[in-house]
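For the record, the sequence lines run as chains A and B.
Quick note, the first sequence lines up with residues 511 to 736 if you use the working numbering.
Quick note, the second sequence lines up with residues 511 to 736 if you use the working numbering.
Protein chains: 2
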Amino acid sequence: MALLASRSIFHMNHPSANWQTRFIQLATDAAGDDGAHDINHLHRVWHTAVTLLADYPEADALVVQAACYLHDLVNLPKNDPQRHLASRQAAELACRELGAMHFPADKLPALAHAIEAHSFSAAITPTTIEARIVQDADRLDALGAVGLARLFYIAGRMGSELAHPDDALGTQRELDDKRYALDHIAVKLATLPASMQTEAGRRLGQERLEWLYEFRGTFLQEWDGR
Amino acid sequence: MALLASRSIFHMNHPSANWQTRFIQLATDAAGDDGAHDINHLHRVWHTAVTLLADYPEADALVVQAACYLHDLVNLPKNDPQRHLASRQAAELACRELGAMHFPADKLPALAHAIEAHSFSAAITPTTIEARIVQDADRLDALGAVGLARLFYIAGRMGSELAHPDDALGTQRELDDKRYALDHIAVKLATLPASMQTEAGRRLGQERLEWLYEFRGTFLQEWDGR
Numbered sequence: 511m512a513l514l515a516s517r518s519i520f521h522m523n524h525p526s527a528n529w530q531t532r533f534i535q536l537a538t539d540a541a542g543d544d545g546a547h548d549i550n551h552l553h554r555v556w557h558t559a560v561t562l563l564a565d566y567p568e569a570d571a572l573v574v575q576a577a578c579y580l581h582d583l584v585n586l587p588k589n590d591p592q593r594h595l596a597s598r599q600a601a602e603l604a605c606r607e608l609g610a611m612h613f614p615a616d617k618l619p620a621l622a623h624a625i626e627a628h629s630f631s632a633a634i635t636p637t638t639i640e641a642r643i644v645q646d647a648d649r650l651d652a653l654g655a656v657g658l659a660r661l662f663y664i665a666g667r668m669g670s671e672l673a674h675p676d677d678a679l680g681t682q683r684e685l686d687d688k689r690y691a692l693d694h695i696a697v698k699l700a701t702l703p704a705s706m707q708t709e710a711g712r713r714l715g716q717e718r719l720e721w722l723y724e725f726r727g728t729f730l731q732e733w734d735g736r
Numbered sequence: 511m512a513l514l515a516s517r518s519i520f521h522m523n524h525p526s527a528n529w530q531t532r533f534i535q536l537a538t539d540a541a542g543d544d545g546a547h548d549i550n551h552l553h554r555v556w557h558t559a560v561t562l563l564a565d566y567p568e569a570d571a572l573v574v575q576a577a578c579y580l581h582d583l584v585n586l587p588k589n590d591p592q593r594h595l596a597s598r599q600a601a602e603l604a605c606r607e608l609g610a611m612h613f614p615a616d617k618l619p620a621l622a623h624a625i626e627a628h629s630f631s632a633a634i635t636p637t638t639i640e641a642r643i644v645q646d647a648d649r650l651d652a653l654g655a656v657g658l659a660r661l662f663y664i665a666g667r668m669g670s671e672l673a674h675p676d677d678a679l680g681t682q683r684e685l686d687d688k689r690y691a692l693d694h695i696a697v698k699l700a701t702l703p704a705s706m707q708t709e710a711g712r713r714l715g716q717e718r719l720e721w722l723y724e725f726r727g728t729f730l731q732e733w734d735g736r
C-alpha cells in the first residue's frame, strides 16, 4: 500500500518519497503491538487521504502525508482517561522530531493542527483543508469491514463483552461502548458520516456505515438465536 | 438467550431447569474476562445444540446441555502450547464438580467424552451423538457474524496483526493465523463445515462460511485500497 500511495501522489503536488520513508520510520519506531493502530492503519489513512486530496489541489500534500503517518505517534487506549490529550502530545512530538530533521519550519503549525484535530476525543474543529482531510481519512478507517475488524480487535484488548446479553441494540438501557463492543456502532460510528469535512469523505463514510448496519443485522440474528 | 433456550427444550426430552442453573453457576464461577468465551458463548452453543437436537430425539439432552455449558471450564489461549490438553482438563473438572452435586453417575462418561471431543486442537473424533452435537454447536459459533467478531476480538487479545500488509489472502506466502487474524478464515474456519457431524450443522456451517467469504471480499477491497 505504501508503494501504491506513493505512485498515486506523483500525479499531484507530490511530497518526496524521501520524506515518506522518514515518516514511516518515525511511526514504526513509536509503534507498540496494537494491530488496530499499526503501520498498516497509517498506510490506509494516507492512501484514503490521497483519494480525498484529488478534490483539493490547493491542499499541502506534504503536510497531509506527515500528519497521516504521525497522528498516532502518541496513542493511548480508548479507555485511558488521558486519551483526549494524546493528539496534542503526538503533535508536539511530531514537530520536535521533524524539526530536528529540517522539515520546512513554515509547515509545522499546519502539521500540528492537523494532528491535534484528527482526534475524536480531543473534539477540536479542523480549520484547514489539510486537517479536514486527515480527520476524514482517519475516521473512514473506523468504518466498513476494516473498521469492524478494528472495533472487535480493540474490544478484545480492552476486555469488553461482544454485546449486551439480552438487549444487544440497547433499546431498553443506556448504551455503553466500553462494556459492549457492539454499542460502539451506535455510540460513535453512526455519528461519523455527518462529521465528515469533505464531500467524498461523507459519501464514503455513509457507504461504510450502511455496510456496518448490514453486519449488525446478521450479528443480531445469530446473537438472539432467531 | 438462557430463557429462550430453556423454553425451547421443554418441547423435547427436557433436562430440568434446575440443572441448567447449576451448569451456568459453575461456568460463571470459572469465567475470566474473555468476551469470546463468556457465558453468552455458552448460551449460544446450547441454543444451537437445541436446534440440532431436534433431529436426534434419541440423544441425551441433559448430557448435551451439561457439555455445552461446561466445555470451556478450562480454557487456554489459542497460542498456549498446552491448549490441546484443555478439553481433557475441562472434562475432568466437570465430572468432579457434577459428581459432587450427585449428577447421574451413569451419564458422566458420555459427558466427559462430549467435552473432550469438542475441542478442535484436541483432535478427538466424537463417537456419540451427544458429542457430535456439542462439537457442531461449538464450531458453528466460530462462523458467521458472531464468529467474525470473536475472531478479531481474540486477535486483539493475542496482539496479532489484522492481516498481512501486502498479501492478505496469503497467495505468495505460508498462512499464519497466530500472526495475521484474517488468515484464520482460510487456516481453520474454511475447514469447519466439512468437519460437521450433523446434517443441520453442515448446512448452517456452510451458510456462515459463505457469509465470512463475503466479509473477506469487502475487507480486502478496503485493505488494498481498491
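A virtual CB, placed ideally from N, CA and C, is assigned to each residue, including glycine.
Small disclaimer: the values here were computed from a predicted structure and weren't measured.
I want to verify the contact list: residues of chain A whose CB lies under 9 Å from the CB of residue i, in sequence order.
| i | result |
| --- | --- |
| B:Ala655 | Phe725, Arg726, Gly727, Thr728, Phe729, Leu730, Gln731, Glu732, Trp733 |
| B:Trp721 | Thr728 |
| B:Ala527 | Correct list: empty, because the minimum Cβ distance to chain A is about 17 Å. |
| B:Ala652 | Within 9 Å Cβ-Cβ: nothing; B:Ala652 doesn't reach chain A, min ~11 Å. |
I'd like the list of long-range same chain contacts for residue i, defined as Cβ closer than 7 Å, with 5 residues on each side in sequence excluded.
| i | result |
| --- | --- |
| A:Asp548 | Ala541 |
| A:Ala673 | Tyr690, Ala691, Leu692, Trp733 |
| A:Leu513 | Bear in mind that a pLDDT of 42 at A:Leu513, under 50, signals an unreliable position, so the model cannot answer this. |
| A:Ser479 | The first residue shown for chain A is 511 and the last is 736, placing residue 479 of chain A beyond what the model contains. |
| B:Gln707 | Pro636, Arg642, Gln645, Asp646 |
| B:Glu532 | Sequence check: residue 532 of chain B is Arg here, not Glu. Closer than 7 Å at Cβ, skipping near neighbours: Met611. |
| A:Lys588 | Ile664, Met668 |
Starting from residue i, follow its DSSP beta bridges and name the residues at the other end.
| i | result |
| --- | --- |
| B:Glu671 | B:Tyr690 |
If the cut is a Cβ gap below 7 Å, which residues of chain A does residue i touch?
| i | result |
| --- | --- |
| B:Asp687 | Simply none; closest approach about 13 Å. |
| B:Ile664 | Gly666 |
| B:Ala700 | Chain A residues near B:Ala700: none, gap ~18 Å exceeds 7 Å. |
| B:Ala633 | None at all; the shortest Cβ gap to chain A is about 26 Å. |
| B:Ala696 | By Cβ distance, chain A contributes nothing, its closest Cβ being about 15 Å from B:Ala696, past 7 Å. |
| B:Ala647 | What B:Ala647 touches in chain A: nothing, since even the nearest Cβ is about 11 Å away. |
Residues of chain A with CB closer than 8 Å to the CB of residue i, please, in chain order.
| i | result |
| --- | --- |
| B:Arg554 | Glu732, Trp733, Gly735 |
| B:Pro675 | Met511, Ile549, Asn550, His553 |
| B:Ala577 | Chain A residues near B:Ala577: none, gap ~18 Å exceeds 8 Å. |
On the premise that residue j lies in contact with residue i, defined as a C-beta separation below 8 Å, what is that separation, rounded to the nearest angstrom?
| i | j | result |
| --- | --- | --- |
| A:Leu580 | A:Ala600 | 7 Å |
| B:Arg593 | B:Leu603 | Actually they are not in contact, since the Cβ atoms of B:Arg593 and B:Leu603 sit about 16 Å apart, beyond 8 Å. |
| B:Asp648 | B:Val555 | 5 Å |
| B:Gly545 | A:Glu671 | 4 Å |
Residues of chain B with CB under 8 Å from residue i, in chain order?
| i | result |
| --- | --- |
| A:Asp543 | Gly669 |
| A:Phe533 | Going along chain B, no residue has its Cβ under 8 Å from A:Phe533, so there is no contact; the nearest lies around 16 Å. |
| A:His557 | Gly735 |
| A:Ala620 | Those do not exist, as A:Ala620 stays about 25 Å from chain B at its closest Cβ, beyond 8 Å. |
| A:Ala540 | Correct list: empty, because the minimum Cβ distance to chain B is about 16 Å. |
Between residue i and the rest of its own chain, which residues show a CB-CB distance below 8 Å, the 5 nearest in sequence each way excluded?
| i | result |
| --- | --- |
| A:Gly609 | Ala615, Leu618 |
| A:Ile534 | Ala512, Ile549, Leu552, Tyr579 |
| B:Ala537 | Ile549, Leu552, Tyr579, Leu580, Asp582, Leu583 |
| B:Ala627 | Ser597, Ile634, Thr635, Pro636, Thr637, Ala641, Val644, Gln645 |
| A:Asp570 | Asn523, Lys617, Ala620, Glu640 |
Using the beta-carbon of each residue, which ones in chain B are nearer than 7 Å to residue i?
| i | result |
| --- | --- |
| A:Asp548 | Glu671 |
| A:Ala564 | Those within 7 Å of A:Ala564 in chain B number zero; the least Cβ separation is about 13 Å. |
| A:Ala537 | In chain order: nothing, as chain B lies at least about 14 Å away. |
Name, please, each residue of chain B whose Cβ falls closer than 9 Å to the Cβ of residue i.
| i | result |
| --- | --- |
| A:Ala571 | The contacting residues do not exist; A:Ala571 stays about 17 Å from chain B at best. |
| A:Ala710 | Residues of chain B passing the Cβ test: none, with the nearest at roughly 14 Å. |
| A:Ala610 | Per Cβ cutoff of 9 Å: no residues; A:Ala610 is ~28 Å from chain B at best. |
So, for residue i: in the same chain, excluding its five sequence neighbours on each side, which residues have a beta-carbon less than 6 Å away from its beta-carbon?
| i | result |
| --- | --- |
| A:Glu607 | Leu536 |
| A:Tyr723 | none |
| B:Phe520 | With a pLDDT of 45 at B:Phe520, under the threshold of 50, the modelled position of this residue cannot be trusted, and the question is left open. |
Quiz prompt | Touching by the beta-carbon criterion (3+ pairs, under 8 Å), the region 713 to 731 of chain B and the region 647 to 660 of chain B | solution = The count of Cβ pairs closer than 8 Å, one atom from the region 713 to 731 of chain B and one from the region 647 to 660 of chain B, reaches three, so the stretches are in contact.
Quiz item: Is the number of C-beta pairs between the region 600 to 618 of chain A and the region 664 to 684 of chain A that are closer than 8 Å three or more?
Solution: The region 600 to 618 of chain A, when compared against the region 664 to 684 of chain A, does not touch it at the 8 Å Cβ threshold.
Quiz item: Does the region 565 to 583 of chain B come close enough to the region 629 to 648 of chain B that 3 or more CB-CB pairs lie under 8 Å?
Solution: Yes: the two stretches touch, three or more of their Cβ pairs being nearer than 8 Å.
Practice problem: Specify whether the region 694 to 709 of chain A and the region 618 to 637 of chain B touch according to this definition: at least 3 beta carbon pairs, one from each stretch, less than 8 Å apart. | Solution: Because the criterion of three Cβ pairs below 8 Å is not met, the region 694 to 709 of chain A and the region 618 to 637 of chain B do not touch.
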